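Reviewing the structure listed below.
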Amino acid sequence: MPESPPTLLYCRCAYAQVVPNGVKNEVLQGLCDSGASFESVSDLCEMAAHRDPRLTALAACGKLRIAACYPRAVKGLFQQAGAPLAEDVEILNMRTLTAPEVVGAMVQS
Numbered sequence: 000m001p002e003s004p005p006t007l008l009y010c011r012c013a014y015a016q017v018v019p020n021g022v023k024n025e026v027l028q029g030l031c032d033s034g035a036s037f038e039s040v041s042d043l044c045e046m047a048a049h050r051d052p053r054l055t056a057l058a059a060c061g062k063l064r065i066a067a068c069y070p071r072a073v074k075g076l077f078q079q080a081g082a083p084l085a086e087d088v089e090i091l092n093m094r095t096l097t098a099p100e101v102v103g104a105m106v107q108s
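Residue numbering for the sequence shown follows numbering that gives the first Met the number 0, starting at 0 and increasing by one per position.
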């Protein structure tokens with residue numbers, strides 16, 4: 000039985016504004032062009048501050064791959080919201096990686 004693909008989560012970082020706009024836009028365009036199914040959220044920081052229940056659902060979905068900022072920060076946000084992430088969650092840092100690197104890692108099998 001083939002393994003199910005990971006859930007892809009893209010954070011727009013709309014309020015924190017810590018990820019360069021060019022990178023965010025290129026990653027979003029690359030995900031759209033890839034044909035992969037993905038979730039897009041405006042800002043994980045805001046969601047964590049409001050303890051958004053969608054974070055719990057995302058944390059519980061099994062395999063998860065996230066395009067956002069620093070992995071330690073993303074894990075902390077989910078923890079703060081009462082939705083700790085599994086150890087095997089992949090977090091791609093749009094602050095330090097190029098857009099092609101992020102998109103490639105997000106859509107890999």
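A virtual CB, placed ideally from N, CA and C, is assigned to each residue, including glycine. Since the structure is predicted, the reported quantities are computational estimates derived from the model, not experimental observations.
- Query: Roughly how many angstroms lie between the CA atoms of Val22 and Met93, to the nearest whole one?
  - Reply: 7 Å
- Query: Which one of Pro83, Ala80, Glu45 and Pro5 has the shortest CA to CA distance from Glu38?
  - Reply: Pro5
- Query: With 16 as the cutoff for other CB atoms within 10 Å, does Cys31 come out buried or exposed?
  - Reply: exposed
- Query: With a cut-off of 8 Å, do at least 3 Cβ pairs link the segment 83-99 to the segment 42-52?
  - Reply: no
- Query: Does the beta-carbon of Val17 have 16 or more other beta-carbons within 10 angstroms, so that it is buried, or is it exposed?
  - Reply: exposed
- Count the other CB atoms, across all protein chains shown, that sit within 10 Å of the CB of Ala85; report buried if there are 16 or more and exposed otherwise. exposed
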